[in-house]
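Colleague: To convert, take the position in the sequence shown, counting from 1, and add 9; that gives our numbering. Quick one: the structure is below, questions incoming.
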Amino acid sequence: MADAFNDKRLTGSKTERYAELADEIAAVLDGEPNLTARMATVAAMLAATFEHYFWTGFYVVDPDKPRELVVGPYQGTLGCLRIAFGRGVCGTAAETGTVQLVPDVHAFPGHIACDSRSASEIVVPIFDASGALIAVFDVDSEAKAAFDEADVRGLATILRRVFAGEACGRA
10 MADAFNDKRL TGSKTERYAE LADEIAAVLD GEPNLTARMA TVAAMLAATF EHYFWTGFYV
70 VDPDKPRELV VGPYQGTLGC LRIAFGRGVC GTAAETGTVQ LVPDVHAFPG HIACDSRSAS
130 EIVVPIFDAS GALIAVFDVD SEAKAAFDEA DVRGLATILR RVFAGEACGR A
């Protein structure tokens with residue numbers, strides 16, 4: 010199934026591409042229980058679908074340091090290896106449990122510049138069935154204000170389907 014997706018180009022509005030991609034990701038991941046494989050597939054398929062995505066990936070809660078995120082599967086340039094809860098956009102999403110939609114990262118208090126080309130960002134927290142944070146999903150763009158409510162809804166839908174039974178952060 011992945012080979013078929015690799016040659017496919019999704020067209021239409023952003024909302025339509027998210028909806029079609031949600032079905033594609035679900036088909037590729039059908040029966041795959043491994044969390045790392047699921048995260049890697051989501052990051053790769055989203056990065057391949059949206060031209061405004063510059064960096065796409067997961068920061069996972071470190072089981073040995075529960076107030077720290079460690080880089081997980083991603084697509085893009087070198088990411089920050091670790092981010093403390095409350096620091097930067099990802100750390101704020103982890104701390105608050107809410108989606109962070111940031112049109113200008115340089116205006117965000119305490120922004121961490123993992124790559125200076127990043128201009129806007131969206132981060133969605135992911136929780137397990139018990140409500141514990143397991144990761145955040147981070148997308149950066151080189152363009153300011155690259156993300157909007159269509160991205161929030163589209164990402165939340167995909168992440169809910171991929172991590173079945175696990176709620177995504179509240180906007």
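All C-beta atoms in this analysis are idealised placements derived from N, C-alpha and C, irrespective of residue type, glycine included.
Which same chain residues end up closer than 6 Å to M48 when comparing Cβ atoms and leaving out the 5 residues on each side of it in sequence?
Modeller: If you number the sequence shown from 1, residue 48 lands on position 39. Only F67, G81, P82 meet the Cβ criterion.
Colleague: With contact counted as at least three CB pairs below 8 Å, one residue from each stretch, are the stretch 150-166 and the stretch 22-37 in contact?
Modeller: Yes: the two stretches touch, three or more of their Cβ pairs being nearer than 8 Å.
Colleague: For T20, count neighbouring C-beta atoms within 10 Å of its own C-beta (all shown protein chains included) and say buried if the count is 16 or more, exposed if not.
Modeller: By 1-based counting over the sequence shown, the position of residue 20 is 11. T20 should be labelled exposed.
Colleague: For D71, which three-state DSSP category applies?
Modeller: In the sequence shown, residue 71 corresponds to position 62, counting from 1. In the structure shown, D71 sits in a strand (DSSP, three-state: E or B).
Colleague: Pick out whichever of G97, A93, R91, T86 has its Cα sitting closest to the Cα of D231.
Modeller: Because the chain here runs from 10 to 180, residue 231 falls outside it and cannot be looked at.
Colleague: Can you find the residues in the same chain that come closer than 6 Å, C-beta to C-beta, to Q109, ignoring five residues on each side of it along the sequence?
Modeller: In the sequence shown, residue 109 corresponds to position 100, counting from 1. Here the set comprises V98, T101, A102, V132.
Colleague: Using beta-carbon positions only, say whether D113 and S129 come within less than 8 Å of one another.
Modeller: As a first step, residue 113 must be located in the sequence shown, where it is residue number 104. As a first step, residue 129 must be located in the sequence shown, where it is residue number 120. Contact flag set, yes.
Colleague: Taking C-beta to C-beta, are V148 and Y62 nearer than 8 Å?
Modeller: On the sequence shown, residue 148 is found 139 positions in, with the first residue counted as 1. On the sequence shown, residue 62 is found 53 positions in, with the first residue counted as 1. For V148 and Y62, yes; Cβs fall inside 8 Å.
Colleague: Starting from R26 and walking both ways along the alpha helix (DSSP H), at which residues does that stretch end?
Modeller: For the purposes of this step, residue 26 is identified with residue 17 of the sequence shown, where counting begins at 1. First-last of the alpha helix (DSSP H) with R26: 23-38.
Colleague: Please give the ranges of any beta strand (DSSP E) in the stretch 47-134, keeping only runs that are unbroken, at least 3 residues long and fully inside the region.
Modeller: As far as the stretch 47-134 is concerned, its whole beta strand (DSSP E) runs of at least 3 residues are 64-71, 74-84, 91-93, 109-111.
Colleague: Are there 16 or more other CB atoms within 10 angstroms of the CB of E33, so buried, or fewer, so exposed?
Modeller: Locating residue 33 in the sequence shown gives position 24, counting from the first residue. Answer is buried; the Cβ neighbour count reaches 16.
Colleague: In whole angstroms, what is the alpha-carbon distance linking A180 and I121?
Modeller: Here residue 180 refers to the residue found at position 171 of the sequence shown. Here residue 121 refers to the residue found at position 112 of the sequence shown. Summary for A180: the model assigns pLDDT 43, below 50, so the residue's position carries little reliability; its value from the coordinates is reported in the next sentence. Cα to Cα, the separation comes out at about 21 Å.
Colleague: Just the C-alpha distance for T50 and G119, rounded to the nearest angstrom, thanks.
Modeller: As a position in the sequence shown, residue 50 is number 41, starting the count at 1. As a position in the sequence shown, residue 119 is number 110, starting the count at 1. When rounded, the distance between both Cα atoms is 30 Å.
Colleague: Give me whichever residues DSSP pairs with A154 in a beta bridge.
Modeller: Numbered from 1 along the sequence shown, position 145 holds the residue referred to as residue 154. Answer is none; A154 lacks a bridge partner.
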